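The structure appears right after this line, and notes come after that.
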Amino acid sequence: MTNSSKSAFYFGIYLISTGLVFILIPDTVISLMQLPAIPEGWGRMIGLLAAVIGIYYIVSGKANAQSFIKSSIYVRFGFLISVILLYLTGQMPVSIIIFGLVDALGAVWTAMALKSETPR
Numbered sequence: 010m011t012n013s014s015k016s017a018f019y020f021g022i023y024l025i026s027t028g029l030v031f032i033l034i035p036d037t038v039i040s041l042m043q044l045p046a047i048p049e050g051w052g053r054m055i056g057l058l059a060a061v062i063g064i065y066y067i068v069s070g071k072a073n074a075q076s077f078i079k080s081s082i083y084v085r086f087g088f089l090i091s092v093i094l095l096y097l098t099g100q101m102p103v104s105i106i107i108f109g110l111v112d113a114l115g116a117v118w119t120a121m122a123l124k125s126e127t128p129r
């Protein structure tokens, strides 16, 4: 695997891990992150979605799907901007930005990996 595909693969592992935590102990995560209470089952649904997206990242990384890997950089930065907006508009606590920062760090890693793979 190339470095950029490894970054997608490992980001997928992070997403699946996060998803599993939300599936297994949603109320604990919501409480620790000081997130607003949500109806029963929605924490698990969020976890399931995160895990499914993680599978896309793993498969794309293994396949070296460069169009997915490249586009994921913009999407992950967009996610950071979105969670910041949710915080600034009072819809979410500041702790939600942690998820956006992890996405942005992953995007930086992927971008740097892609740059290092580009022939000079």
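The sequence shown begins at 10 in my numbering and counts up by one.
Idealized CB from N, CA, C, for every residue including glycine.
As the structure is a computational prediction, the values presented were derived from the model and not from experiment.
Taking 9 Å as the cut-off, the beta carbon of G115 is found no closer than this to the beta carbon of V92. For Q75, the enclosing alpha helix (DSSP H) starts and ends at 75 to 97. With a 10 Å radius around the Cβ and a threshold of 16 neighbouring Cβ atoms, P128 comes out exposed.
Contiguous alpha helix (DSSP H) elements confined to the stretch 10 to 36 occur at 12 to 33, taking only those with 4 or more residues.
Listed in chain order, the non-local C-beta contacts of P102 below 6 Å within the same chain comprise Q43, local neighbours out to five positions each way being set aside.
Contact check for I67 against I107 fails: the beta carbons are separated by 9 Å or more.
T119 and I90 do not touch by the CB rule: their CB atoms are close to 17 Å apart, not below 8 Å.
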